[in-house]
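Student: Here it is, the structure, as structure tokens.
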Amino acid sequence: MVLEALHRWFRPLLVALFHPRLSWSLRWRLLLLQPITLLTYSINTIPYLFSRPFVVEHLPLAPGRSLRVLVFKAPGHGVRSVPSQRDDDDDAAVASEEHQQQQQKSSSSSSSPLRPLHVEIHGGSFLGGLPESNAAFDARVAAETGAVVVSLSYRYAPEHVFPAAIDDIDAAIAWIAAHAARRWGADPQLMTAGGFSAGGNLAVAATQQPDRQAPSATRVRGIVTFYAALDLRLAPDEKPRPRGMPSASSDPLRVLVPLFDAYMAGARRAKTTMGHRGGDYDDGDARLNPVLARRETLPERMLLVVPAVDILYAEQMAFAERVNGEDEREGRRERRRVETMVVDGMFHGYLEVPDAIVEKEFKDQAFTRGVAFLRETYAQHGWSWGAA
1 MVLEALHRWF RPLLVALFHP RLSWSLRWRL LLLQPITLLT YSINTIPYLF SRPFVVEHLP
61 LAPGRSLRVL VFKAPGHGVR SVPSQRDDDD DAAVASEEHQ QQQQKSSSSS SSPLRPLHVE
121 IHGGSFLGGL PESNAAFDAR VAAETGAVVV SLSYRYAPEH VFPAAIDDID AAIAWIAAHA
181 ARRWGADPQL MTAGGFSAGG NLAVAATQQP DRQAPSATRV RGIVTFYAAL DLRLAPDEKP
241 RPRGMPSASS DPLRVLVPLF DAYMAGARRA KTTMGHRGGD YDDGDARLNP VLARRETLPE
301 RMLLVVPAVD ILYAEQMAFA ERVNGEDERE GRRERRRVET MVVDGMFHGY LEVPDAIVEK
361 EFKDQAFTRG VAFLRETYAQ HGWSWGAA
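The sequence shown begins at 1 in full-length UniProt numbering and counts up one residue at a time.
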């Protein structure tokens, strides 16, 4: 465990020194990234040195390889009733899957109903990060909705490029769906997902697996993202900059842009993400660029929390406009599938900085909306929660 923690904290340095196939351009930038990593990891973990709202587990994804996750499960009790209106496709097409899940439920050692399941994915420009960075939000989701929250990690660039991260997330969610009922008393048939920044990209990209789409019983029922990177077709310094954002030339982290682009740059150069193989949108592209995901592959409910002063602002708003517009043209939606909460004056990552920089009360506004959105989603499927 100690060696694992040391590797996690000093990974940029170790990769820069010992990885056999990295360019010098990436190596020296990783050395610059190392002190930033130590600082951010300290900020993320120090609050949980003596008291943790989570337990650390390792999911066995492959022989000899596991994935570190945090699991949040708050004390309390919930009630699961049959919702007044069923989804149109919860019928014979998934009857066998539902039967399997009922067997899982009946074999559970607890007499309590299975809780909702929320999968959270941290950010970090695909370069690093810790699940602890989102623990404040995850703890609220667990305490205020009763959901079991599983916060994931994944392999990082530049040594692991696309599709390594999304492959890990897809494998982890598949494992969780198969084991959540027995392991944590959580229901994979009432699964939501979410993520911050790069984690938002991965959360939406994970819906491109058939088992996470309707009519599968284990489809994702809703998604909450915070400043999600949905369109990676442009390099970071090529993205449109919203009003009020400093120019790229004045960005103190500009020197690290090649690192920030390392996860997707190779795929972009190979022209595997241009979306021309299958008409307007391409399933393969959507695992890297969720902005291209076809409307019918997406969950019924999505909430995007969008800071106004962020280079990711335009792509998130364009995604919401496109998906909602297609729904309206089809005449299939009485409400918007994709909701947006635009936060004026805020910047990328503002929810994860110390309270001395952005007041906790201000950050709580976004977290409160996210928690309420998930609670509403679970309630639509018959779940109500009473904390201990």
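In this text, a Cβ means the ideal position worked out from N, Cα and C, and glycines have one as well.
Quantities reported herein were computed from a predicted structural model and do not represent experimental measurements.
1) Less than 7 Å between C-beta atoms, sequence neighbours within five positions excluded: which residues of the same chain meet that for residue 41?
2) Quick check: what's the CA-CA separation for residue 195 versus residue 202?
3) Which residue's Cα is closest to the Cα of residue 356: 253, 43, 20?
4) Just list the beta strand (DSSP E) runs in the segment 102-183, keeping only unbroken ones of 3 residues or longer that don't cross its boundaries, in chain order.
5) Could you check what DSSP says for residue 9 in three-state terms: helix, strand or coil?
6) How far does the alpha helix (DSSP H) with residue 295 in it extend, from its first residue to its last?
7) What's the call for residue 279, buried or exposed, on a 16-neighbour Cβ count within 10 Å?
8) Take residue 148 and list the residues in its own chain whose beta-carbon comes closer than 8 Å to its own, dropping the five residues that flank it on each side.
9) For residue 283, which residues from the same chain have a beta carbon less than 7 Å from its beta carbon, with the 5 sequence-adjacent residues on both sides left out?
10) Quick check: what's the CA-CA separation for residue 57 versus residue 39?
11) Look up residue 340 in the DSSP assignment and give the residues it is bridged to.
12) Identify every run of the beta strand (DSSP E) within the segment 220-246, keeping only runs that are complete inside it and at least 3 residues long; order them along the chain.
13) Between 50, 128, 328, which has its C-alpha nearest residue 7's C-alpha?
14) Taking 7 Å as the line, does the beta carbon of residue 382 fall inside it for any heavy atom of the ligand ADP?
15) What whole-angstrom Cβ distance do residue 260 and residue 125 have, given they're in contact under 8 Å?
16) Determine, using beta-carbon pairs with one atom in the segment 292-303 and one in the segment 328-348, whether at least three such pairs fall under 8 Å.
17) Between which two residues does the alpha helix (DSSP H) containing residue 371 stretch?
18) When the Cα of residue 192 is compared with those of 178, 219, 205, which residue comes out closest?
19) Between which two residues does the alpha helix (DSSP H) harbouring residue 207 extend?
Tutor: Looking at the atomic coordinates:
1) Correct list, in chain order: 9, 130.
2) Going from the Cα of residue 195 to the Cα of residue 202 covers about 7 Å.
3) Nearest option by C-alpha distance: 43.
4) 115-121, 148-152
5) helix
6) Run containing residue 295: none; DSSP gives neither H nor E here.
7) Note that residue 279 scores a pLDDT of 44, beneath 50, so its modelled location is shaky and nothing firm can be said.
8) 71, 72, 73, 115, 116, 117, 118, 142, 180, 184, 185, 186
9) Bear in mind that a pLDDT of 41 at residue 283, under 50, signals an unreliable position, so the number given afterwards is only what the model happens to contain. Same-chain partners within the cutoff: 208.
10) Roughly 24 Å between the two C-alpha positions.
11) Looking at the DSSP assignment, residue 340 forms a beta bridge with 304.
12) 220-226
13) 128
14) For the structure depicted, the ligand ADP is absent and the ligand set is empty, with no information on it obtainable.
15) About 5 Å; that satisfies the 8 Å criterion.
16) These segments touch.
17) 360-380
18) 219
19) Note, residue 207: premise wrong, no alpha helix (DSSP H); not H, not E.
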